[in-house]
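> Numbering-wise, the sequence shown is residues -7 to 423 according to this note's numbering.
Dumping the structure here so I can ask a few things about it.
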Amino acid sequence: MTEQYHNIVWQCADSEMASGSAEIIRTLNDHGYEAYWVGGCVRDEYMGRKVSDMDITTSALPEITSTLFPKVIPTGIKHGTVTVIEKGQPFEVTTYRVESGYEDHRHPTQVVFVSQVEEDLRRRDFTMNAMALGIDGVWVDPFEGRRDIDSHIIRCVGDAKVRFREDALRMIRCIRFASIFGFSIAKDTWKGILAVRDTLSWIAMERIRSELDKMMAGPDPLRGLELLKQSGLHSRMKVPFPYENNDPNMIHAISVIESAQLDVRWTLLIHGCGITSMEADKLLREWTFSNRRREMILGLLSLQEAWVTESRGDDLESHRLQWINAVLKHGAEIAETWLNMQEAIQSTGKLCVCGVSIEQMRLWLEDIQVRSLKDLNLTGNELLQALNRRGGPWMGKVLQELLVKSAAGFIPNDRDALIEEAKRVIKHEEQ
-7 MTEQYHNIVW QCADSEMASG SAEIIRTLND HGYEAYWVGG CVRDEYMGRK
43 VSDMDITTSA LPEITSTLFP KVIPTGIKHG TVTVIEKGQP FEVTTYRVES
93 GYEDHRHPTQ VVFVSQVEED LRRRDFTMNA MALGIDGVWV DPFEGRRDID
143 SHIIRCVGDA KVRFREDALR MIRCIRFASI FGFSIAKDTW KGILAVRDTL
193 SWIAMERIRS ELDKMMAGPD PLRGLELLKQ SGLHSRMKVP FPYENNDPNM
243 IHAISVIESA QLDVRWTLLI HGCGITSMEA DKLLREWTFS NRRREMILGL
293 LSLQEAWVTE SRGDDLESHR LQWINAVLKH GAEIAETWLN MQEAIQSTGK
343 LCVCGVSIEQ MRLWLEDIQV RSLKDLNLTG NELLQALNRR GGPWMGKVLQ
393 ELLVKSAAGF IPNDRDALIE EAKRVIKHEE Q
């Protein structure tokens, strides 16, 4: 068996991960059970894509698998899955099974263990995911997944309508795969989506958002968005996405933004669909975006709206002061990210910075040395002591004015200078 294993050289997987998973397969084989690498790792290796995890399927029942390894976590033992820890890494090992009774169009109500790997592969979503690879280099590919990969086609295993009724999330996954891989969707598979697309409303938005995050971070999110629109899936979600009418310049700018800036891509999509920051807040909550991501997206949207609506005239100094106030309100990180977003928008031919160059705004941003109240060389208590006054709403207003003036360079960020300016502000207000 060891000699056979050396015939398999994983080019796209971490060597420790490949070695650990091979050890699990070898152990199962040595005890008389079949075992194969299966699903995404086999697909990605065949396609020359990075393998991120390695799942294993076996004829051994989960109770048997659990006895063969020292570290096993019963993560989904009712459905035949245990997690084996080998060489410090987790590997999901699942017994051959068939499923039925998908009453919620997502989870099977009945799982039956079977003895043939081909039966297990028959329940999977797409032909490219219904492949297994043995440690001896033998492929199990009953639905010609490699042929479809070579032909750049996404095709369901068996009847597409049945596959999508079993798990409606598969429709979104189909579009995500087509977008990321640049594949076409087989006619029968596409017809299956159109036939059962209303079942998508059963799926939790968290699962859909996770799939769309992967699509939006992929190499061609615009194709995925177009497929969502053509299929009508965007309007069949539990929380529909209003993608019917959009600004093509904003949408096309998505592909200019690096995939690592996922939230900027989402911001362009939301803004391009004419969704305001107030509307987006509700939508992002319902779509289960984290607070951190929601704050970034809403900050970018708010800054975009404020800059476009509040910019007036050609006075450069007025623009500078407006920009300083925007940076103080939203923070330097959002301001810098917003400038990156503007560059992407401008690359599509649409100017949205109201007459001020991005280069100039970057210089202004660099010049702002005082960016928050904590950067002021004057605390609230020091201000109270210097003025011999009680605290109240006035103090916050005065500190904010000192912050703006110091950030703009009108007064130095010096304790004595700040106190003198505070005295002038209060005296002026009292007159």
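Even for Gly, the Cβ is constructed at its ideal location relative to N, Cα and C.
Compare the beta carbon distance of I249 and A336 with 8 Å and say whether it is the shorter of the two.
Taking 8 Å as the Cβ cut-off, I249 and A336 qualify as a contacting pair.
> What's the C-alpha gap between K230 and M197?
7 Å
> Check this for me: beta carbons of L410 and L370, under 8 Å apart or not?
yes
> Pull up the CB-CB distance for M120 and G137, whole angstroms please, since I reckon it's below 8 Å.
5 Å
> One question on the structure: do R228 and L192 come within less than 8 Å of each other, judged by their Cβ atoms?
yes
> Classify S269 as helix, strand or coil using the three-state DSSP reduction.
Three-state DSSP puts S269 in a helix.
> Below 8 Å between beta carbons: does that hold for W2 and E37?
Yes, the pair counts as a contact, with Cβ atoms nearer than the cut-off.
> Whose C-alpha, out of T19, D307 and A187, is nearest the C-alpha of T57?
T19
> DSSP three-state call for A324: helix, strand or coil?
Note: A324 maps to helix in three-state DSSP.
> When DSSP labels each residue in this structure, what does D434 get in the three-state scheme?
Residue 434 is absent from the model: the chain starts at -7 and stops at 423.
> Pull up the DSSP beta-bridge partners for L125, would you.
W29 and W131
> Hey, quick one: how far does the beta strand (DSSP E) through Q361 stretch, first residue to last?
In the DSSP assignment, Q361 falls outside any beta strand (DSSP E) and carries neither an H nor an E.
> If you measure between the beta carbons of V85 and E111, is that distance less than 8 Å?
8 Å or more divides the Cβ of V85 from the Cβ of E111.
> Comparing alpha-carbon positions, which option in Q253, K79, E8 and F105 lies nearest S51?
F105
> For R407, which of A400, E374 and G383 has the nearest alpha-carbon?
E374
> For M288, which option in P62, D117, S310 and V256 has the closest C-alpha, if you only look at C-alpha atoms?
V256
> Going residue by residue through the segment 176 to 201, where are the continuous alpha helix (DSSP H) segments of at least 4 residues, counting only ones entirely within it?
For the alpha helix (DSSP H) assignment, the uninterrupted runs of no fewer than 4 residues enclosed by the segment 176 to 201 are, from N- to C-terminal side, 179 to 188.
> What did DSSP end up calling I146 once you bin it into helix, strand or coil?
strand
> At what residue ranges does the segment 254 to 319 contain a whole run of the alpha helix (DSSP H), taking only runs of 4 or more?
254 to 264, 269 to 278 and 283 to 302
> Determine the contact status of L295 and I326, defining contact as a CB-CB distance below 8 Å.
Yes, these two residues count as a Cβ contact at 8 Å.
> So, under 8 Å CB-CB, H23 and L53 are touching, yes? Tell me the CB distance rounded to an integer number of Å.
H23 to L53, Cβ: 12 Å. No contact.
> Based on Cα-Cα distance, which residue from A298, G126, S176 and A5 lies nearest to D142?
S176
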